[in-house]
Amino acid sequence: MRDLIRLLRLYAPYRVWVLAGIGLGVLTVLANFALLALSGWFLAATGVVGVAGYAAQNAFNFFTPAAGVRFFATLRVLARYAGRLVDHEATFRLLARLRMVAYAGLEPLAPVGLAGERGGDLLSRLVADIDRLGDFFLRVASPFMIAAAAALVMALGFAIVSPEAGLLLLLGLVVAGVAVPLASLGLGRRPAGAAVALQATMRADLVDSVQGMAELLTCNASGAMAERVDAASAALLAAQRRLAAIAGFGAAAGLLVAGLTMLAMLPLGGALADAHRIAGPVIALLALGAMAAFEAVAPLPAAFQLLGGMADSARRVFDLLDRPPPVAEPASSPRRPARLDLRLDGVSLRYPGAAHPALAGIDLAIAEGEHVTILGRSGAGKTSLFNLLLRFAPHEAGTATIGGVDLAAIRGDDLRSLFTVVSQTTAIFAGTLRDNLLLARPDADDAALWRALETARLADFVRARPGGLDSLVGEAGAKLSGGEARRLSLARAALRATPFLLLDEPTEGLDPLTEAEFRRALAGLAAGRTVIAITHRLDHLADDDRVVMLAEGRIVADGRFGALRQGAGPVARLSRLREMSLRF
Ligand SMILES: Nc1ncnc2c1ncn2[C@@H]1O[C@H](COP(=O)(O)OP(=O)(O)OP(=O)(O)O)[C@@H](O)[C@H]1O
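Quick note: the sequence shown uses this note's numbering, first residue 37, plus one each step.
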């Protein structure tokens, strides 16, 4: 419930729309109530006057009630139309806000804070849960408020005619609008919660299986995955069927209470008329008015039923938004220093929840313009060093500075604007080649894009495509080969003139010819920049290249490659191993 109240607070900027929507909703219900009550009375009264003779007919004022009927009928239509417009406007505004809030909350968590999440589950929270919450005002909050306000006004209206009739109407409305829906809520809580969880699991499984379809097919595992999705789908259908049955029960019980209340008005009205407390035609007013009054509570069973699922969705979304970002952001960044020397003193880094630090006591100084190669076995902490520099993960001890400024004092966006990363895993987004290039520099013109493609040796490939720069690359670059995707990332890098170039084994897995081209292009990009390159390969290192070797998160060697490979240290051992493996 706390989450739903928090959700309501997000409506604050749209309170005028919200209040107008509720006001128009109340007006619609009251206009319908007045229309039926007046019509009932008018019909009954004209009937009575009809049999009472000529004099009574002449004395009866037909015009005012007839005008009233037309007025309420028109008011009802106009109020309903305007109400729908206003409600939907408020809903769309909230949806847009919710999506912005969710995205803004998610962004600081990436990539380290989301490492344990399933992509499909995140998608579920961002799309399905938020869509569900978007309906909160329209289908839950607004019906409750309209029902409460309209029920009180209508019961008061009846109470003016007769307190007993007012009480009876209020009782009927409370039973149909609160007791019956509460019963269906109790019955529906478990299947509603199960449906939300099952939908999320099924979506996550589906996203996994679509992304890994090739792997599933080659492992003959697609059948097992299909069975898993099928089982989740069957369980979801069972939960939804149960919910539909409960909703049907709620609607039927609500109608029954409405009918019984209307029927009960007849003997009550009769007794009141016998006691000369009301005129005969008012009995019709009470009966038809009571029937119309239940329009106010008709949406409540559905609203109560949605409440459970919405509370679950709100919890899932807010749970994501409440996670502290792995890195605290300063409010602003200091001025960019004149020289961008990098210095790490006793730096340690531990990922959230990890037992061991990924980097421990790192002392490293890299002067502006220097080229450094980072070596180390898998899991040694090489990528973690990049994560530290890019402030994807904070360091827990030591100091890390750039040009003498603490990394923690620089906003993530400002810090990352100093770096270009080229890695072996490149995210290619569904869209055109141009879209993917413009990510790196949104204001780049076509001439700049072609220059970058030339640098990355991809220009001929793009020219040969009928769509040129506007050719589609497919989901995750499915229409590109691995080497082309890698060169696209290189073209992106060529568009970013940043002082630092971080290379994370970008030539790994390329054929020798492509690799040679790639390296030449990289050398062009590296000129005049500080370059930190991770590699497992030693064959491209020259003797005077500076290498830093990591093992279990610590620096175990730092010096010129030629000197280090002559000695007896870890670089020499790695070098010998490499030579042996080349001989095999
Ligand atoms: N997001 C994360 N959460 C928890 N632990 C992590 C995370 N990323 C990496 N690690 C752990 O930190 C350690 C260092 O990982 P890192 O990715 O820096 O290694 P690496 O040297 O780049 O390895 P490789 O050459 O295989 O890419 C490993 O033990 C790894 O399991």
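Think of the CB as a built atom: it goes at the ideal place given N, C-alpha and C, for glycine as much as any other residue.
What whole-angstrom Cβ distance do E432 and P144 have, given they're in contact under 8 Å?
Here residue 432 refers to the residue found at position 396 when the sequence shown is read from its first residue. Here residue 144 refers to the residue found at position 108 when the sequence shown is read from its first residue. At roughly 18 Å, the Cβ-Cβ gap does not stay under 8 Å, so E432 and P144 are not in contact.
So the candidates are L421, L411, R447; which of them puts its Cα closest to the Cα of V583?
Counted from its first residue, the sequence shown places residue 583 at position 547. Sorting L421, L411, R447 by C-alpha distance to the C-alpha of V583 places L411 at the top.
Cα-Cα, which of S349, L380, A311, L296 is closest to L324?
For this step, residue 324 is matched to residue 288 along the sequence shown. Of the candidates S349, L380, A311, L296, L296 places its Cα closest to the Cα of L324.
Could you tell me whether any non-hydrogen atom of ligand 1 is closer than 6 Å to the CB of V583?
In the sequence shown, residue 583 corresponds to position 547, counting from 1. Checking the Cβ of V583 against ligand 1 gives no.
Distance check for A334 and G284, CA to CA, integer angstroms please.
In the sequence shown, residue 284 corresponds to position 248, counting from 1. In the sequence shown, residue 334 corresponds to position 298, counting from 1. Roughly 12 Å separates the two Cα atoms.
7 Å Cβ cutoff met for V122 and L60:
Taking the first residue of the sequence shown as 1, we reach residue 122 at position 86. Taking the first residue of the sequence shown as 1, we reach residue 60 at position 24. Going by beta carbons, V122 and L60 fall inside the 7 Å limit.
Under 7 Å between C-beta atoms of T566 and G448
Taking the sequence shown and counting its residues from 1, one reaches residue 566 at position 530. Taking the sequence shown and counting its residues from 1, one reaches residue 448 at position 412. No.
Reducing DSSP to helix, strand and coil, say where F620 ends up.
The residue you call residue 620 lines up with position 584 of the sequence shown. Residue placement at F620 is flagged as unreliable, the pLDDT there being 49, under the threshold of 50; the coordinate-derived value follows with that caveat. In the three-state DSSP reduction, F620 falls in the coil class, being neither helix nor strand.
Fully enclosed by the segment 165–240, which alpha helix (DSSP H) runs are 4 residues long or longer?
List check, alpha helix (DSSP H) in window: 166–170, 178–197, 199–210.
Take every Cβ of the segment 345–354, pair it with every Cβ of the segment 424–440, and state whether three or more of those distances are shorter than 8 Å.
Contact fails between the segment 345–354 and the segment 424–440, because fewer than three Cβ pairs, one in each stretch, are under 8 Å apart.
Other residues of its chain near F180: CB distance less than 8 Å, five sequence neighbours each side excluded
Locating residue 180 in the sequence shown gives position 144, where the first residue counts as 1. Here the set comprises L336, A339.
Pairs of beta-carbons, one from the segment 360–377 and one from the segment 245–257, closer than 8 Å: are there three or more?
Three or more beta-carbon pairs separated by less than 8 Å are not found between the segment 360–377 and the segment 245–257, which leaves the two stretches without contact.
If we ignore side chains and look at the alpha-carbon of each, how far apart do A270 and Q341 end up?
Residue 270 sits at position 234 when you count from the first residue of the sequence shown. Residue 341 sits at position 305 when you count from the first residue of the sequence shown. Answer to the nearest angstrom: the Cα atoms are 21 Å apart.
May I ask you to report which of helix, strand or coil DSSP gives R612?
One-based indexing of the sequence shown puts residue 612 at position 576. Here R612 sits in helix by DSSP.
List the endpoints of the continuous beta strand (DSSP E) containing I438.
As a first step, residue 438 is located in the sequence shown; it is residue number 402 there, counting from the start. From DSSP, the beta strand (DSSP E) with I438 extends over 433–438.
CB of G412 to nearest heavy atom of ligand 2: below 6 Å?
What this structure holds is ligand 1, not ligand 2.
Own chain partners of F620 with C-beta closer than 6 Å, once the 5 adjacent residues on each side are dropped:
Here residue 620 refers to the residue found at position 584 of the sequence shown. A caution first: F620 carries a pLDDT of 49, below 50, which makes its placement in the model unreliable, though a value can still be read off. Counting only Cβ-Cβ distances below 6 Å, and skipping sequence neighbours, we find nothing.
Neighbourhood of A495 by C-beta, 7 Å cutoff - its chain only, sequence neighbours within 5 removed:
Here residue 495 is taken as the residue at index 459 of the sequence shown, counted from 1. In its chain, beyond the 5 residues on either side, W486, L489 have a beta carbon closer than 7 Å to the beta carbon of A495.
Could you check if S420 belongs to the surroundings of ligand 1, using beta carbon to heavy atom distance under 6 Å?
Position 384 of the sequence shown, counting from 1, holds the residue named residue 420. Because some heavy atom of ligand 1 lies under 6 Å away, the Cβ of S420 counts as near it: yes.
Cβ-heavy atom distance between Y387 and ligand 1 below 6 Å?
Here residue 387 refers to the residue found at position 351 of the sequence shown. Yes.
Please go through the same chain and pick out, in chain order, the residues whose beta-carbon is closer than 8 Å to the beta-carbon of G149, but skip the five residues on each side of it.
By 1-based counting over the sequence shown, the position of residue 149 is 113. Excluding sequence neighbours, G149 sits near R359, P361, P362, P388.
Can you give the Cα-Cα distance for D310 and A329, rounded to whole angstroms?
Start at 1 with the first residue of the sequence shown, and residue 310 comes out as number 274. Start at 1 with the first residue of the sequence shown, and residue 329 comes out as number 293. CA-to-CA, the gap between D310 and A329 works out to about 25 Å.
Can you check whether the CB of A530 is closer than 7 Å to the CB of A559?
The residue given as residue 559 occupies position 523 in the sequence shown. The residue given as residue 530 occupies position 494 in the sequence shown. In this structure, A530 does not lie closer than 7 Å to A559 by Cβ.
CA-CA distance, E153 and D442?
For the purposes of this step, residue 153 is taken as the residue at position 117 of the sequence shown. For the purposes of this step, residue 442 is taken as the residue at position 406 of the sequence shown. Taking the straight line from one Cα to the other gives about 30 Å.
Suppose you measure from the CA of G224 to the CA of V214; what does that come to, to the nearest Å?
By 1-based counting over the sequence shown, the position of residue 224 is 188. By 1-based counting over the sequence shown, the position of residue 214 is 178. About 15 Å.
Nearer than 6 Å: is that true of the beta carbon of V458 relative to any heavy atom of ligand 1?
Translated into the one-based positions of the sequence shown, residue 458 becomes position 422. Incorrect: V458 has no Cβ contact closer than 6 Å to ligand 1.
Among L475, F536, K418, G344, which has the Cα closest to the Cα of P217?
The count along the sequence shown starts at 1 and reaches residue 217 at position 181. The shortest C-alpha separation from P217 is found at G344.
How about L272 and L234: are their beta carbons less than 7 Å apart?
The residue labelled residue 272 in the question sits at position 236 within the sequence shown. The residue labelled residue 234 in the question sits at position 198 within the sequence shown. It is a contact, given that the beta carbons lie within the stated cut-off.
Taking the alpha-carbon positions, what's the L473 to A463 distance?
Stepping through the sequence shown from its first residue, residue 473 is reached at position 437. Stepping through the sequence shown from its first residue, residue 463 is reached at position 427. Approximately 12 Å, taken between the alpha carbons.
What do you get for P49, buried or exposed, if any count of 16 or more other CB atoms within 10 angstroms of its CB means buried?
For the purposes of this step, residue 49 is taken as the residue at position 13 of the sequence shown. With fewer than 16 other CB atoms across the displayed protein chains lying within 10 angstroms of its CB, P49 is exposed.
Taking T550 and D506 to be in contact with their CB atoms under 8 Å, please state how far apart those CB atoms are, rounded to whole angstroms.
Here residue 550 is taken as the residue at index 514 of the sequence shown, counted from 1. Here residue 506 is taken as the residue at index 470 of the sequence shown, counted from 1. Incorrect: roughly 25 Å between the Cβ atoms, too far for contact.
Am I right that T435 and L537 are in contact with their C-beta atoms under 8 Å? What's the rounded C-beta distance?
As a first step, residue 435 is located in the sequence shown; it is residue number 399 there, counting from the start. As a first step, residue 537 is located in the sequence shown; it is residue number 501 there, counting from the start. The Cβ separation is near 24 Å, so there is no contact.
Every unbroken alpha helix (DSSP H) within the segment 515–555, with a cutoff of 4 residues, ordered by chain:
Complete alpha helix (DSSP H) runs here, min 4: 518–531.
Buried versus exposed, by CB contacts within 10 Å (16 or more), A403:
One-based indexing of the sequence shown puts residue 403 at position 367. When all chains shown are included, A403 counts as exposed.
7 Å Cβ shell around A70 - same chain, five flanking residues per side excluded:
Position 34 of the sequence shown, counted from the first residue, corresponds to residue 70. Taken in chain order, the residues that qualify are F108.
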